[in-house]
Amino acid sequence: MITLGIDTSCDDTSASCVKDGKVLSNIVFSQVFHSKYGGVMPELAARDHLKNITLTVEEAVKPVGFDNLDNISATYGPGLIGSLLVGLSFAKSLSYIRNLPFYAVNHIEGHIFSLFIENKISCPFVCLVVSGGHTELVYVKKRGDYKIMGRTLDDAAGESFDKVARMLKLSYPGGQAIEELAEKGNPIAIKFPCSKLKNYNFSFSGIKTAVLYYLKNNLNAEITDVAASFQKAVIDSLTNTTFECALKLKANTIGISGGVSRNNKLRKRFMEISKQHRIKFYCPEKEFCTDNAVMIALCAQHYFKKGIISPFNIKANSRVSLIKN
Ligand code: KG4
Ligand code: ZN
Numbered sequence: 013m014i015t016l017g018i019d020t021s022c023d024d025t026s027a028s029c030v031k032d033g034k035v036l037s038n039i040v041f042s043q044v045f046h047s048k049y050g051g052v053m054p055e056l057a058a059r060d061h062l063k064n065i066t067l068t069v070e071e072a073v074k075p076v077g078f079d080n081l082d083n084i085s086a087t088y089g090p091g092l093i094g095s096l097l098v099g100l101s102f103a104k105s106l107s108y109i110r111n112l113p114f115y116a117v118n119h120i121e122g123h124i125f126s127l128f129i130e131n132k133i134s135c136p137f138v139c140l141v142v143s144g145g146h147t148e149l150v151y152v153k154k155r156g157d158y159k160i161m162g163r164t165l166d167d168a169a170g171e172s173f174d175k176v177a178r179m180l181k182l183s184y185p186g187g188q189a190i191e192e193l194a195e196k197g198n199p200i201a202i203k204f205p206c207s208k209l210k211n212y213n214f215s216f217s218g219i220k221t222a223v224l225y226y227l228k229n230n231l232n233a234e235i236t237d238v239a240a241s242f243q244k245a246v247i248d249s250l251t252n253t254t255f256e257c258a259l260k261l262k263a264n265t266i267g268i269s270g271g272v273s274r275n276n277k278l279r280k281r282f283m284e285i286s287k288q289h290r291i292k293f294y295c296p297e298k299e300f301c302t303d304n305a306v307m308i309a310l311c312a313q314h315y316f317k318k319g320i321i322s323p324f325n326i327k328a329n330s331r332v333s334l335i336k337n
């Protein structure tokens, strides 16, 4: 079965073909121009998707040929509404004219499926989806059956990296830039608070404000120490809560996915603590941590195999939850 996947949920135009779980193509067109605004401009993102979607899909389908596609999928939410509409409408139109089954994928479920791209993971497991738009702690009972154990009550972890990067006058997106700066700093130089919440929830807006005030009150602050201390506080919060939840659930496997899971220190810390508790730990290859359409096609294949398809009247939904009500 060959599936075309499309994701235009934020600022990456991505398309991919997957054959029975094997990646045939993975095209990601990143809209780098947002960096000059210090964040994603939703209206400009949507217009740029419109400009790039045809070429991106053509590139992804090149090794396969349109005639050999068995079905088509696209992200319908959560994400930026204008951006989502471009990929979703394109995918629906292509399915309609080619008379192929169509499936609309939840972007967060896509990030969970990114863990399956190169790993054979047995369910159940605890999955931390940690990106620029989401921080969700999910108990994956089996593929398609999830329980949300916790989530951020304010900023997503990646969003806090991006906001702190802006305060430090680093480029957007800020995660990678903070990680590089933190390499040269002392992670225990400054104690930044990261709220510990009940029910495995997270909060990252307090730490962002703490960094802002620290920089205001310490005009000669060593920014490498600020980056390293901030990064450590976020990593501590993510690892403490995830392992607390996994131990409570007696889970023997943990996975992390989403853009922030590219962070080497985060990956290393998860690996170390997992070893201590004899828990198996997985994360996707870095190219599949950030937004991509391979994870969308893979997720869709799971549903196509079960005979599940989406109606053409499904709407883009910027705030849809992982769990269908
Ligand atoms: O998954 P993704 O591409 O998009 C969303 O679904 O949100 O994640 C993008 C986020 C950005 O906030 C970016 O700063 C963060 O992932 N990120 C990182 C790193 N690389 C990307 N955060 C921390 N460390 C990194 N190395
Ligand atoms: Zn994402």
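Using my numbering, read the sequence shown as starting at 13 and increasing by one per residue. Using N, Cα and C, we set each Cβ at its ideal position, and we do this for glycine too. This one's a predicted model, so the numbers in the text were calculated from it and none came from an experiment.
Specify the secondary structure class of LYS298 as computed by DSSP and reduced to three states. DSSP places LYS298 in helix when its eight states are reduced to three.
Let me make sure I understand the geometry here. Which of VAL138, THR164 and ALA233 has the alpha-carbon closest to that of MET179? It is ALA233 whose Cα lies nearest to the Cα of MET179.
What whole-angstrom Cβ distance do SER57 and GLN43 have, given they're in contact under 8 Å? Looking at the sequence provided, one finds Ala at residue 57 rather than Ser. Right, the Cβ-Cβ distance comes to about 6 Å (below 8 Å), so this counts as a contact.
Give the range of the alpha helix (DSSP H) segment to which LEU259 is assigned. Counting along the chain, the alpha helix (DSSP H) containing LEU259 begins and ends at 235 to 260.
For ASN230 and VAL223, I'd like the C-alpha separation in whole angstroms. The straight-line gap from Cα to Cα measures roughly 10 Å.
Alpha-carbon spacing of GLU297 relative to HIS123, whole angstroms: For GLU297 and HIS123, the distance between alpha carbons rounds to 12 Å.
Whether THR265 touches ILE285 by CB criterion (8 Å): No, these two residues do not count as a Cβ contact at 8 Å.
Assumed close pair PRO90, VAL306 - CB separation to whole angstroms, cut-off 8 Å: No, PRO90 and VAL306 are not in contact; Cβ-Cβ is about 19 Å, not under 8 Å.
Nearest by alpha-carbon distance to SER370: which of VAL30, VAL69, VAL117 and ASN131 is it? The shown model of the chain, from 13 to 337, leaves out residue 370, and the question about it has no answer.
Does DSSP put ARG281 in a helix, in a strand, or in coil? Reduced to three states, the DSSP call for ARG281 is helix.
Just tell me which of LYS74, LEU112 and LYS260 has its CA closest to the CA of PRO323. Taking only the C-alpha atoms, the option nearest PRO323 is LEU112.
Taking THR68 as the reference, give the member of ALA245, ALA103, PHE41 and ASP60 with the closest Cα. If we check each option's Cα against that of THR68, PHE41 comes out closest.
What would DSSP say about GLY156, mapped onto helix, strand or coil? For GLY156, the secondary structure class from DSSP, reduced to helix, strand or coil, is coil.
Taking Cβ positions, are SER85 and ALA309 nearer each other than 8 Å? Yes, the Cβ-Cβ distance between SER85 and ALA309 is below 8 Å.
Under the rule that 16 or more other beta-carbon atoms within 10 Å means buried, what is PRO185, buried or exposed? Classification of PRO185: buried, given that the 10 Å Cβ count is 16 or more.
Go ahead and pull the three-state DSSP assignment for GLU195. Per DSSP, reduced to three states, the secondary structure at GLU195 is coil, with no helix or strand assignment.
Quick check: LEU140 and LEU259, are their CB atoms within less than 8 Å of each other? By the CB criterion at 8 Å, LEU140 and LEU259 fall outside the cutoff.
Among PHE102, SER143 and ILE109, nearest to LEU87 - alpha-carbon criterion: Per the sequence presented here, residue 87 reads as Thr, with Leu not at that position. Considering only PHE102, SER143 and ILE109, the residue with the shortest C-alpha distance to THR87 is PHE102.
To the nearest whole angstrom, what separates the beta carbons of PHE125 and CYS311, a pair I think is in contact under 8 Å? Contact between PHE125 and CYS311 is confirmed by a C-beta separation of about 4 Å, below the 8 Å threshold.
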